[in-house]
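Report on the following structure.
Protein chains: 4
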Amino acid sequence: MSNQSSPLRVAQFGYGYWGPNLARNLYQMPDVELSYLVDRDPQVLANAMGLFPGTTLIGDADQVLADETVDAVVIATPAKTHFALAQAALSLGKHVFVEKPLAMNLADARTLVDLAAERQRVLMVGHVFEYNSAVRYIKSALEQGELGDVYYLYSRRVNLGRVQSDINALWSIAPHDVSIALYLLGQMPESVSCHGAACLNGEVEDVIFLTLHFPGDLLCHVHASWLDPSKQREMTIVGSRKMIVYDDVASEDKIRIYDKGVYRRGDPIYGEYQFKVHSGDILVPRLDMREPLRTEMEDFVRSIHNGEQPQANGENGLRVVAVLTAGQMSLEQGGMKVQLAPLLERKG
Amino acid sequence: MSNQSSPLRVAQFGYGYWGPNLARNLYQMPDVELSYLVDRDPQVLANAMGLFPGTTLIGDADQVLADETVDAVVIATPAKTHFALAQAALSLGKHVFVEKPLAMNLADARTLVDLAAERQRVLMVGHVFEYNSAVRYIKSALEQGELGDVYYLYSRRVNLGRVQSDINALWSIAPHDVSIALYLLGQMPESVSCHGAACLNGEVEDVIFLTLHFPGDLLCHVHASWLDPSKQREMTIVGSRKMIVYDDVASEDKIRIYDKGVYRRGDPIYGEYQFKVHSGDILVPRLDMREPLRTEMEDFVRSIHNGEQPQANGENGLRVVAVLTAGQMSLEQGGMKVQLAPLLERKG
Amino acid sequence: MSNQSSPLRVAQFGYGYWGPNLARNLYQMPDVELSYLVDRDPQVLANAMGLFPGTTLIGDADQVLADETVDAVVIATPAKTHFALAQAALSLGKHVFVEKPLAMNLADARTLVDLAAERQRVLMVGHVFEYNSAVRYIKSALEQGELGDVYYLYSRRVNLGRVQSDINALWSIAPHDVSIALYLLGQMPESVSCHGAACLNGEVEDVIFLTLHFPGDLLCHVHASWLDPSKQREMTIVGSRKMIVYDDVASEDKIRIYDKGVYRRGDPIYGEYQFKVHSGDILVPRLDMREPLRTEMEDFVRSIHNGEQPQANGENGLRVVAVLTAGQMSLEQGGMKVQLAPLLERKG
Amino acid sequence: MSNQSSPLRVAQFGYGYWGPNLARNLYQMPDVELSYLVDRDPQVLANAMGLFPGTTLIGDADQVLADETVDAVVIATPAKTHFALAQAALSLGKHVFVEKPLAMNLADARTLVDLAAERQRVLMVGHVFEYNSAVRYIKSALEQGELGDVYYLYSRRVNLGRVQSDINALWSIAPHDVSIALYLLGQMPESVSCHGAACLNGEVEDVIFLTLHFPGDLLCHVHASWLDPSKQREMTIVGSRKMIVYDDVASEDKIRIYDKGVYRRGDPIYGEYQFKVHSGDILVPRLDMREPLRTEMEDFVRSIHNGEQPQANGENGLRVVAVLTAGQMSLEQGGMKVQLAPLLERKG
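Protein chains in written order, with numbering that gives the first Met the number 0: chain A, 0 to 347; chain B, 0 to 347; chain C, 0 to 347; chain D, 0 to 347.
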C-alpha cells in the first residue's frame, strides 16, 4: 500500500487541544501527506482554515474512513471514542495511531491489539513521553546502572484547567506517568492502589494519587490533577547510588542527576544498622531539544514502512490500560490494592 | 508550685538533633530556669559544655526526676522512650512537654492524657508547626473563608539523611503534616490509608504516602521520606475560591495565595457541566519572623502558670497518634483503608 | 489610500530572526493583507514557503517598493540597512514600520522623522516592549504614584548567542532597555556613560554597561550582552514606597511588587539620619497574556487609519537613537559622561 | 610572645552587625582565648552577656590596648575607626585583624602596612570571601584553565537595609567584590570607573556601579546597593571555554559551571567572522560547607604562629583600598575613568 517512494496518506481525526500539534508535524513531514483533517465540530475545524493547504477539512468521519487511498489514521478525539474509531480503521486495513489511552477498558484494548495483529497493521499509542529526550536519557542512565538499584520513584503532573467532564484525572493525565514508569522500569507492577477526589462535580475525580507496586517492594507514586495553582510536571527517581529529578517544565534544568545516596555501613550496632549519607556533585546534562512529537510520528511512519513494531505499540498501550483499569477498580473500592495478574490473564 | 514571681525550673531530657534548639530557647526565656540538661550519651552532652552556665549537665535521668524542685520536664529523647519518661514525670507531679509523637500507640497516649488530667498537670506535645506563623496565617485565611470550600490538600516533607533505624518515616516525619492538617481543618479524618517502602534495611519504611479521608470527600495526602535528593517542605491547599502554596524552605515566598479557581457554569450542556477557570493575582503575605519554637515554649510556660490548655495539648497529640496508628495499620495491610472511629472509642 | 473597508496592503522586508513573528501576525490580522515578503537571501525566504498562501515571496526589494498598491512597509532587515530602506519607502509615500533601532545615527533618524512629517506618513519603530502588558502595568503603577519617588532602576538583558558581527550589544540589545526606561520615566536622561568589552573579535562590543543619568540624580543602569550562560531579561525599579522586579523570562511571576522601602526617621541623631526599613507583602499581579507584537502591529494599522501618532512613533525612536549615540560616544571615549543636550539641538 | 603551647590571647573591638560571628568563632577555637570583648555602646555589649564565660566585656578600649598580655586584636568597629585602632594596636606590638576595608584612604592603608612590617606583626584584613569554598573552587578552576580565557565578570551584591550613614555602598559593600575579583584574577585593574546615586539622604551613595578595567580589555563590573527588594549575592565569570555562575545565597546551586561558549569559526566571510555557540552540560560541584570565617580566623592564628603572611594580608587589603579610592574619585567626578598606577606609586 505505502512504500518509500510515495508519501504516506494520513487522515487525522480530532483537532481539539492536542490535535493542532499533531497536524502541524504531520503536515511538515516530507514522507507524509496529510490528506484529511476531520472534526465534527465546525468551529474547531475552522481553527485549521488556511493552515494546511491541500488538506481536506471535513466533518464526516465515515467518508474519510471509506477513502481507500488513506493509508493511516491518527486519532486525537475524546478518549471514549478511541476504541470505535480505531477498530473501524483497523478493520478497513488502515494503520492506526491513537492518542492515549488506547481504550477505556482492557477488553477493548485487547480487541484492538488482536485486530492489528490479524490485519497486519501498525497500531500505535500516543505515549509521547517515551519519545522525550529527557525520559530517554533517564532510561539510558538506568540501563547503565548509573543509579544503582531503583528504590522508588514519584511523579507529579498537575495544572489548572483542562477540566474533563467525561474522564477523570486517572485516565486523562496519569497515562503519561504510567507510560513513563513502565518504560523506565521495563516491567509491570504487581498491584495498583488509587485514591482520588471528585471536587468539582462529585462524579469525575479531578485529583488522583496512584501507587504502583512493582516487584521487590519498588514503589511508583503518581499525583495527577487539573486543580492546582501551577503547572508542574516532575518525576524523581531515587536510586541507591544516584537520584534524578526530571522537571519537564524547567527551561534549563530539565534533568538533575544527584550524586547522592545513603549507604548501609558494616554490621549492625546494638542491633541497628548505621547509615551514611553521601552527597556529591549535581549534573545537568545537555539534552537534545528535538520535539518528541516529531520523533513519535517518525516512529509511526517508519514502522509502517518497515513492518516493525514502534516503541509505543499496541501491547505497550494495552499494558498502560491494564494499569489504569486496576487503578480505576482501586479508586472505586476505596483504595484497595488491586492485583494485575488476574486482569492480564488472556481470556481463551 | 510555680508562680509568676519565681522562674519555672525545667529539666530537659535529650540533647540530640532537636534538643539544642529547645535548650537554647529555654535558657534564654526570662521566666524559665533550665536546671538540668540530661542525656545518657556523654558525647552528646559534651556538645552543651560551656553553653548553658548554671545548668547541670547530667546523665542520670532518675536523679533529675527525683529532684522535687523541678517543676516541668521537656522530653526530646528517641520517640520510643517518650511514653515511659512522660509517665514517670507526670506521676511525680511534673508538667510535661514531650516532642512528637506523644507516644507510639494509642493506649499509651490515652494513659498520658488521663494521667495529666488526674494529676492536674500540663501535658503538651511538640507539634511546633501549630506555632508557625505561616501555618497560622493559613488557618486564619481558612477561618475567614478566603479559600472558599477546601477541596483537598497535599504535603511533601522529604530530605536526604536523618535516617532512622527504630521508627519509620510515618512516625518520624509525617507527624508534622498530620498535626498541620488536623489544625488547619479543625476535624478528624474518617479513615486513613498508607503505602510505603523500606528501601534501606527492608524493615523500616524510609518513604511513605499517607492519605487522610476527611468527611465530605476531602482528601489530605502526605509524602514523607528521608531518601530524597533535596530538602522539601511544602503543602498546597486547594480551595474552591483560592489556593495556597506553603513552602517552608523558601526564604522569600513562604506562602503564595493564588486567586485561582474553577467554577461550574450554569446548567449542564449535553449532560455535562461547563467549567470556567479563573486566574487572578498572587499574593505573598508578609509573615511574622518569630521562631515558632519560642512561641511554643511560651505557650507551655503560660499554660502552666494559667492552668489552661496549650494549643498542642495532650488530646491534640493523642489525635495525631490515632491517625498515625491507623496509618501504621494500613501500611502493614497493604494500604487498606482503616477507619478511625473504632480506634478512638474509649475503652471503659 | 487606505481606509477601513479595504485591508492595508503591507510588504515586509527581512525574514531573519524576528521576521517570522512579524509576518505571522501581519498575515493573521483581518485588516491587513501581507502582499510581499522580501528577503535577498533565497535560503531565508525558503523558510516561509507554504506558510503564507497569497503572499508573494520575492528577493527584489526595488520591485516591491515600486508597487504603488503597497500602502505600508515593515522593515526587519539588518540595522544598518534600516535608514536607506525607510527613506526610500517614505519618499515613495508609504507608511513605514521599522524594527529598532530607527537608524544608526541621529542625523539619519532626524531625516526619517522629518520626511515622514513632510509626506504625512506614519513612521513607527519596533519598540515592542512599549506594548508589553508587564511594562504597561509598571507604567501605570508609576503614574499612579504607587512606587513613590523612583530612586533608580536597573536592567539586565543577556543571553548566549545571537552574536552580531556588524553592530554591538549597545545597538543590538540595549535599545529595548532604553526604550522601556524612556517610556516608564517619561523623560530624557541628561547624560549617558557606557563601558564595554569586545571579547570575541576585538572590535564589536559583546557586552556593555550603560548608565543613564536622569534629572534629580535618578540613575538607570543597563547590562546587555550576548555572552552569558543564561537568558535573562529583568528590570528592577526601586521607588521610595515600593519596588518592582520585572522578569520577562518568568512564566508565573513576571512582575513582583514589593511593598518595601526605606524611610528617613525624624531628625538626625549625632548628625546622622536614622533609617527604618519597611517590608510588607509582595503582589504578583495578573497580566494580560496578549502577544505584545500583535498590539504593536495594531497600533501601526490604527495610526495609519486614524492619521494619529502611534506610541512608538518616529520621535520616540529618535530619542532612543540619541541615547544610543551618546552611549556609543561614551564607549569610544572610555566611559566619559556624554551630555545629551548638545546632540539633540536641531541643526538649522 | 605567643607560641603553640599557650593559647593566643585576643581582644575583639566592636560587637555590632558582624561582631557576634567573629566572637563566636574566636571563642570556640581551641588555640585562642577571647580575653576581651570591647564595645563603647553598653546596649550592644549587653547582647554578649552570658555568651562568653571567662571573657571580659568592657567599654574602655584604652584599658584593653594597655593590657600587655593581649597578643592580638580583632577590629570590627565602624570603618572610619579602623585606621586609628589598628595603628594603636600595631604600635603597641599587637597582631591586628581588621574588618574590611583596611582603611578609608590609601595613605592610611600604607601606614598600617609599613607599621606592621616594621614591628614584625601580622596585619590581616577581613576579606572573608577569599576563604569561601565557592570562591576558592572558582579560583582553582581558573588556575587550571578550565574556563579558557576570562572575557569578563560581573557581580551583584544588593539587599534591603543595613543603610549606612557614614560610608557609602562602595566602601561598605563593594570591598567584597573587589577582593574576590583581585583574588580570582590575580592582578590589579589598570583603571576604575564608578557611578552611583545617593537616594536616601543626598550625600551617601546607596547604590553604586563600579567598573574595573583589567589589562587586555578584561572588564569586571560590580553592582552594590542596600536599596533593593531582595538579597542577592551573585557573580558570573564568562570564559572563552566555560562560564561560572556563583550564587552565594543559593542553598543548593552555589556554583554552576556551564560548559558553554562562543567560538570563532575559521576565516571571515564577507569580512565578518562566523561564531558558533557551544552548549553542553552544567555541573554543580559539591562544596565544602565549612564556615569561611572560621578558616579566615585560623589563617590569622596560624600566620601569627608561623610568622608567615596570611592570604588576606595587609598588602592585599591595601590593593583593595587602592581600587576603592580610585572608585571614589571616579564617583566624585561623574564616572571619569581613574588610572590606578599614579595612586599606587609609593611616595618616597
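Using N, Cα and C, we set each Cβ at its ideal position, and we do this for glycine too.
Point to revise | Per-residue DSSP class, three states only, for K241(A) | key: coil
Check your understanding: With C-beta atoms as the reference, is R293(D) less than 9 Å away from M28(D)?
Key -> yes
**Study point:** Cβ pair Y262(D), K241(D) closer than 9 Å
**Key:** no
Check your understanding: How would you call H220(C), buried or exposed, if buried means at least 16 neighbouring beta carbons within 10 angstroms?
Key -> buried
Check your understanding: Under 9 Å between C-beta atoms, does T235(B) make it to chain A?
Key -> Taking Cβ atoms only, chain A reaches closer than 9 Å to T235(B), which makes this a yes.
Exercise for review: Could you name the residues of the same chain whose beta carbon sits closer than 8 Å to that of E251(A), not counting the 5 residues immediately before and after it, in chain order?
Suggested key: V283
Practice item. Give a yes or no on contact between the region 204-223 of chain B and the region 123-140 of chain B, applying the rule of three or more CB pairs nearer than 8 Å. Key: no
**Study point:** Extent of the continuous beta strand (DSSP E) run through E32(A)
**Key:** 31-37
Exercise for review: Quick one: grab the DSSP three-state call for T80(C).
Suggested key: helix
Point to revise | K336(D) at chain C interface by Cβ criterion, 9 Å | key: yes
**Study point:** Contacts that V244(A) makes with chain B (C-beta to C-beta distance below 8 Å)
**Key:** P228, S229
Practice item. Answer with buried or exposed for E142(A), where buried requires no fewer than 16 other C-beta atoms within 10 angstroms of its C-beta. Key: exposed
Review point. Taking the alpha carbon of S139(A) as the point to measure from, which residue in L184(A), V121(A), N158(A), V320(A) has its own alpha carbon closest?
Key: L184(A)
Practice item. Say whether the region 299-314 of chain B touches the region 193-205 of chain B, bearing in mind that this needs 3 or more beta-carbon pairs closer than 8 Å, one atom from each stretch. Key: Touching, no.
Check your understanding: Using the beta-carbon of each residue, which ones in chain D are nearer than 8 Å to V276(C)?
Key -> Those are L159, G160, V162, listed as they occur along chain D.
Check your understanding: CB-CB under 6 Å to V37(D), same chain, minus the five flanking residues each way: which ones, in chain order?
Key -> F12, I57, A60, V63
Check your understanding: Counting only beta-carbon atoms, is S132(A) nearer than 9 Å to chain C?
Key -> no
Review point. What residues of chain A sit near A196(B), judged by a beta carbon separation below 8 Å?
Key: Y150, Y151, D216, L217, L218
Check your understanding: Using a C-beta cutoff of 9 Å, does G260(D) count as contacting chain A?
Key -> no
Review point. Mapping DSSP to helix, strand and coil, what is T54(B)?
Key: coil
Practice item. Would you kindly report the start and end of the unbroken beta strand (DSSP E) that includes R195(D)? Key: Strictly speaking, residue 195(D) in this sequence is Gly, with Arg absent from that position. 190-196 is the extent of the beta strand (DSSP E) around G195(D).
Point to revise | Cross-chain neighbours of S192(B) in chain A, by beta carbon under 7 Å | key: H194, G334
**Study point:** CB of S192(B) within 9 Å of CB of G326(B), strictly
**Key:** Yes, Cβ-Cβ distance for S192(B) and G326(B) is below 9 Å.
Check your understanding: Quick one: any contact between the region 313-324 of chain D and the region 147-155 of chain D, if contact means 3 or more CB pairs under 8 Å?
Key -> Flag = no, the region 313-324 of chain D and the region 147-155 of chain D do not touch.
Review point. Cβ of G405(C) less than 9 Å from any chain D Cβ?
Key: The question about residue 405(C) has no answer here: the residues shown for chain C are numbered 0 through 347.
Review point. If you measure from the CB of K253(D), is any heavy atom of the ligand COA nearer than 8 Å?
Key: Summarising the ligand content, the structure contains no ligands, and the ligand COA is consequently not present.
Review point. Considering H126(D), what are the terminal residues of the beta strand (DSSP E) in which it resides?
Key: Note, H126(D): premise wrong, no beta strand (DSSP E); not H, not E.
Review point. So, E98(D) versus W17(D), is the Cβ gap smaller than 9 Å?
Key: yes
Review point. By Cβ distance below 6 Å, which residues in the same chain neighbour L89(A) in space, the five residues on each side in sequence not counted?
Key: V95, L114, A115, R118, R120
Review point. Using a beta-carbon distance cut-off of less than 7 Å, what residues from the region 278-298 of chain C approach chain B?
Key: Answer in chain order: S278, G279, D280, I281, L282, V283, P284, R285.
Check your understanding: Does the distance from the C-beta atom of L7(A) to that of D70(A) stay below 9 Å?
Key -> yes
Exercise for review: Round the Cβ separation of I236(D) and R255(D) to the nearest angstrom and send it over; I've been treating them as touching at under 8 Å.
Suggested key: Between R255(D) and I236(D) the Cβ distance is about 11 Å, and since that is not below 8 Å, they are no contact.
Check your understanding: Quick one, are the C-beta atoms of V157(D) and V203(D) less than 9 Å apart?
Key -> Annotated as distal: V157(D) and V203(D), with beta-carbon spacing of 9 Å or more.
Practice item. Rounded to whole angstroms, what's the CA-CA distance from R23(B) to M48(B)? Just pull it up for me. Key: 13 Å
Review point. How close, in whole Å, do the beta carbons of Y26(A) and T54(A) come, if the pair is a contact with beta carbons under 8 Å?
Key: 7 Å
Check your understanding: To which residues of the same chain is A321(A) closer than 7 Å at the C-beta, ignoring the five residues directly before and after it?
Key -> L105, L339, L342, L343
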